[in-house]
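Numbering (my numbering), first residue to last: 512 to 845.
C-beta: ideal position from N, C-alpha, C; glycine also.
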Ligand code: PMP
């Protein structure tokens, strides 16, 4: 097989483009199109990094089983790795996640264990606790993105350097969300070395405890939110949020409104967490008095959310659109 025939060789080196049709105040807003990774999200980088680290130190042996707790994208990335490298895969997924992701995983031959979305860490049905137990019971490799240092390392060694090169060494701010914290932590480490003045900006869904934690150091009580893949009810052990300089709390309504606006104005079908990131990026941009070069992400594609935030009837059911047949931005209720 030639090198280029292997999809795993096409992980990373994603395009970076400027969004020119949104009102970014005095700033230029760029996005890295992580949806163009082979399995469709930013998580390909992390899956590859975690599997290669486990292969290297013998935690994962040929024909072995991988177990992971995931909102879906890590699962899709691990499923690609499992197929290409000959592993079995069990994923534990909270039941609020989109049907598209679950159908996609099952079609890839993955064993999907759905568990409750309404329980917190420490509960036996919490997705991470359940995954850890299943891995232990089956003698499988628990990828454990929330504790695995290979997760932020993927972003420190690939995503960060790619942005730096693509931006010609001029980056004033990077805006990211936190699911496991791998992206934000890896980028924080990279930029603290090459460009300590670069602002690290957190985009956090309303209901998540992380934005408040970065402001006050207090771990509050989590609510719930509809955006998928980011926001937490605990501080992921692998995350280092100490370099976050600005944090924005974004409602589901605002995240979805921005995502829908990006589709209409820029023609890009972005996922829900990307809506949160870009909502925060736009707020940051509009607060600036000087021109700045700001980088954020399209973490995954919106095609996973066609039945949700891009569906006017679903939006109306959530109380987020007042006139379901005419998805006008002004009708979005934050
Ligand atoms: N966006 C989406 C859609 C995701 O699935 C994830 C990962 N859960 C993230 C953003 C956040 O990435 P990280 O785990 O690196 O914090």
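Among the options, nearest to residue i - alpha-carbon criterion
i	options	result
residue 809	829, 558, 770 and 534	770
residue 761	737, 775, 745 and 778	737
residue 797	611, 655, 581 and 540	540
residue 803	518, 651 and 537	537
residue 722	741, 707 and 706	741
residue 703	683, 545 and 689	683
residue 636	603, 547 and 619	603
residue 751	691, 734 and 633	691
residue 739	566, 585 and 532	585
residue 735	591, 805, 776 and 605	605
residue 590	786, 614, 569 and 609	614
residue 497	746, 718, 719 and 768	As shown, the chain starts at 512 and ends at 845. That puts residue 497 outside it, with no answer to give.
residue 688	716, 533, 680 and 667	716
residue 790	601, 625, 713 and 551	713
residue 533	832, 786 and 772	772
residue 565	795, 662, 581 and 786	662
residue 852	799, 618 and 747	What the structure shows of the chain is the stretch from 512 to 845, and residue 852 is not part of that stretch, so it cannot be assessed.
residue 453	788, 552 and 747	The requested residue 453 does not occur in the structure, where the chain is confined to residues 512 to 845.
residue 680	786, 705, 732 and 778	705
residue 658	693, 732 and 754	693
residue 775	813, 547, 794 and 567	813
residue 807	516, 709 and 747	709
residue 744	753, 759, 719 and 755	719
residue 530	588, 785 and 777	777
residue 632	616, 555 and 640	640
residue 686	625, 600, 626 and 786	786
residue 779	517, 601 and 528	528
residue 648	815, 665, 619 and 601	601
residue 733	555, 795, 628 and 665	628
Residues bridged to residue i (per DSSP)
i	result
residue 811	552
residue 653	578
residue 539	804
residue 529	541
residue 600	577
residue 647	In the DSSP output, where bridge partners are listed per residue, residue 647 has none listed.
residue 761	716
residue 755	711
residue 605	626
Closer than 7 angstroms: residue i CB and nearest the ligand ZN heavy atom
i	result
residue 612	No copy of the ligand ZN occurs in the structure displayed; its ligands are the ligand PMP alone.
Neighbour flag for residue i against chain D, beta carbons, 8 angstroms
i	result
residue 770	Here chain D cannot be found, since the structure has a single protein chain.
Hey, which unbroken runs of the beta strand (DSSP E) at 3 residues or more fall wholly within the region 681-731?
For secondary structure counted as the beta strand (DSSP E) over 3 or more consecutive residues, the region 681-731 holds these complete runs in sequence order: 684-687 and 710-716.
Touching by the beta-carbon criterion (3+ pairs, under 8 angstroms), the region 641-651 and the region 675-686:
Using a Cβ-Cβ distance cut-off of 8 angstroms, the region 641-651 and the region 675-686 are not in contact, since fewer than three pairs of beta carbons, one from each stretch, lie closer than that value.
Only counting runs of 4 or more residues, tell me where the alpha helix (DSSP H) segments fall wholly within the region 609-643, in order along the chain.
Counting whole runs of 4 or more residues, the region 609-643 contains the alpha helix (DSSP H) stretches 610-618.
Could you tell me whether the region 696-709 touches the region 817-827, where touching means 3 or more Cβ pairs closer than 8 angstroms?
Cβ pair count under 8 angstroms is below three, so no.
Uninterrupted beta strand (DSSP E) stretches inside the region 780-827 (no shorter than 3 residues):
The qualifying runs are 804-809.
Inter-stretch contact (C-beta, 8 angstroms, three-pair minimum) for the region 717-730 and the region 661-672
Counting C-beta pairs with one atom in each stretch, the region 717-730 and the region 661-672 have fewer than three that are closer than 8 angstroms, which means they do not touch.
Please give the ranges of any alpha helix (DSSP H) in the region 654-678, keeping only runs that are unbroken, at least 4 residues long and fully inside the region.
Taken in chain order, the unbroken stretches of alpha helix (DSSP H) that lie wholly in the region 654-678 and span 4 residues or more are 661-665 and 671-677.
With contact counted as at least three CB pairs below 8 angstroms, one residue from each stretch, are the region 749-765 and the region 519-534 in contact?
Put simply, the region 749-765 does not touch the region 519-534. Fewer than three CB pairs are less than 8 angstroms apart.
Does the region 560-580 come into contact with the region 649-658, if we say contact requires no fewer than three beta-carbon pairs (one atom in each stretch) closer than 8 angstroms?
Three or more beta-carbon pairs separated by less than 8 angstroms link the region 560-580 to the region 649-658, which places the two stretches in contact.
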